[in-house]
Amino acid sequence: MPESVGAPEAAPFAEIAALDRLVHEPARLAILAALSACQRADFVYLRRLTGLSKGNLASHLSKLEAAGYVASEKRTGRGRTLTFLALSGAGEAALQAHWARLAVLHDRARAWAGA
Amino acid sequence: MSASIRRSPAHLAEVTRLFRGLQGLRIVPMAVFFFAWGLPGALGALGVPVQIGDVAFGLATLAALAVAAFAERRIARWYDEHYGIVEQASRLHGVLGAVGYVALFPVALLWLGFGNPPVNPVLVLLGVGLLFHWRPRAGLRMHYAAAGGLVLAASFYVPASADATASLTLLSMFGGGGLLLVLGVLDHRELVRALGPPTMDTPAAEARVSGAEGSIVGEQDA
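Chains as they are written, first to last, in the numbering used here: chain A, 1 to 115; chain B, 116 to 337.
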């Protein structure tokens, strides 16, 4: 098969492979999207918003924190300890890059489907 | 996959952005205060004479304000415990916008008093302010569109003259209080729809941060 025929069709799949899976996973994308809309939010809010179990949410947050995408802060008050999460600069950049990549992918997939 | 994650990230971001505004029960005490404050005016408009001394009315107003403020703090704490906490960066342009909006009311009242406007400018301002809270792209706070439209429609019918302002002040407090009450309940309903019915995490069940690097260690489900 000539290369000129295969290259445009392969392009969307190459973009899919290039997606940041750490960000693309639905639960983590939901967390990052929520944190991008505020300065910081606590663990309880993120759990309520995502509907994840405590263990699942903590696991996703650990991965995001290990990648440097979120920063956590512990505060005590009213007789309990609250964990606040905030999107880091790297997290914001990764999220924006992900949206941009999805937009490109969307455009290419439409062009590919229409070809 | 949980129900919330099936919603778009843009919707989740908008809910987060509006989280404080969706805590509708917080405005209920103030709505009840306005409602009660305007009650004598509403009864007077219906022809029922209400005799309240100025001192008694002033003291009752101050006491009711204090109770409303206390109740608002209690309800805010209830939201914190049941739905969590979201902190927003202080946005100067938002504060300036709100101050500018409030500053337009004296201008509207002056116009009402001296300009003989074709519509009631105070209600036009209120209606536009309510429409501003509508988030059509995220499908949120549709009730503000209805309320804004209602108030804008009312601006054509409520008398726009200097004579009407005094008698309308208390009556509009009554109507405004009722409207705030309805909007607050609908906001809360939208919050429950987005985040689920209220439940409270026990302190021990929350995620804890441990280790020198501050990594999150999740607890297993109870």
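From the three backbone atoms N, C-alpha and C, an ideal C-beta is built for every residue, glycine too.
Beta carbon proximity, residue i to chain A, threshold 8 Å
i               : result
G199 of chain B : yes
G299 of chain B : no
P124 of chain B : yes
V237 of chain B : no
Q203 of chain B : yes
T176 of chain B : no
V130 of chain B : yes
L310 of chain B : yes
V127 of chain B : Before going further, note that residue 127 of chain B is Leu rather than Val in the sequence given. Yes, contact with chain A.
A327 of chain B : Note on A327 of chain B: pLDDT 32, under 50, position unreliable in the model; the coordinate value appears next. Judged by the 8 Å Cβ criterion, A327 of chain B is not in contact with chain A.
Proximity to residue i [Cα-Cα], best of the options
i               : options                           : result
D302 of chain B : B:G153, B:M288 and B:H248         : B:H248
Y216 of chain B : B:G292, B:L245 and B:A253         : B:L245
V300 of chain B : B:L127, B:R132, B:E196 and B:P144 : B:P144
L87 of chain A  : A:A103, A:Q96 and A:G79           : A:Q96
L267 of chain B : B:P233, B:F289 and B:G292         : B:P233
A269 of chain B : B:L240, B:R250 and B:P312         : B:L240
L131 of chain B : A:A18, A:L19 and A:D42            : According to the sequence as given, residue 131 of chain B is Thr; it is not Leu. For T131 of chain B, the nearest C-alpha among the options comes from A:D42.
R40 of chain A  : A:T83, A:L105, A:D107 and A:W99   : A:T83
F289 of chain B : B:G153, B:S123 and B:E129         : B:G153
A71 of chain A  : A:I31, A:A103, A:H98 and A:L105   : A:I31
L137 of chain B : B:N235, B:V163 and B:I190         : B:I190
V23 of chain A  : A:Y45, A:C38, A:L61 and A:S53     : A:L61
V243 of chain B : B:F148, B:F220, B:G311 and B:G254 : B:F220
Any chain B beta carbon closer than 8 Å to residue i
i               : result
Y45 of chain A  : yes
S88 of chain A  : no
E3 of chain A   : With a pLDDT of 42 at E3 of chain A, under the threshold of 50, the predicted position of this residue should be treated as unreliable, though the coordinate-derived value follows. No - not a single Cβ of chain B is within 8 Å of the one on E3 of chain A.
Q96 of chain A  : no
D42 of chain A  : yes
L105 of chain A : no
L49 of chain A  : yes
(request) Could you name each continuous beta strand (DSSP E) segment of 3 residues or more that falls completely within the region 66-115 of chain A, going from the start of the chain to the end? (result) For the region 66-115 of chain A, the continuous beta strand (DSSP E) assignments of 3+ residues that do not extend past its boundaries occur at 70-77 and 80-87, in sequence order.
(message) Check whether the region 140-154 of chain B and the region 173-193 of chain B are in contact - that is, three or more C-beta pairs closer than 8 Å.
(response) yes
(message) With three or more C-beta pairs closer than 8 Å as the rule, is the region 221-235 of chain B touching the region 166-183 of chain B?
(response) no
(request) May I have a chain-ordered list of the alpha helix (DSSP H) segments no shorter than 4 residues that lie completely inside the region 216-253 of chain B? (result) Within the region 216-253 of chain B, the complete alpha helix (DSSP H) segments of 4 residues or longer fall at 236-247, listed in chain order.
(request) Name, going along the chain, the residues of the region 17-40 of chain A whose beta-carbon falls closer than 7 Å to a beta-carbon of chain B. (result) Only those residues of the region 17-40 of chain A whose C-beta falls short of 7 Å from the nearest C-beta of chain B are listed: P26, A27, L29, A30, A33, A34, S36, A37, C38, Q39 and R40.
(request) Would you check if there are 3 or more beta carbon pairs closer than 8 Å linking the region 63-81 of chain A to the region 163-176 of chain B? (result) no
(message) I'd like to know if the region 203-217 of chain B and the region 47-61 of chain A are in contact, where contact means that at least 3 CB-CB pairs between them fall below 8 Å.
(response) no
(message) Quick check on the DSSP output: what are the complete alpha helix (DSSP H) runs of length 4 or more inside the region 146-204 of chain B, in order along the chain?
(response) 169-198
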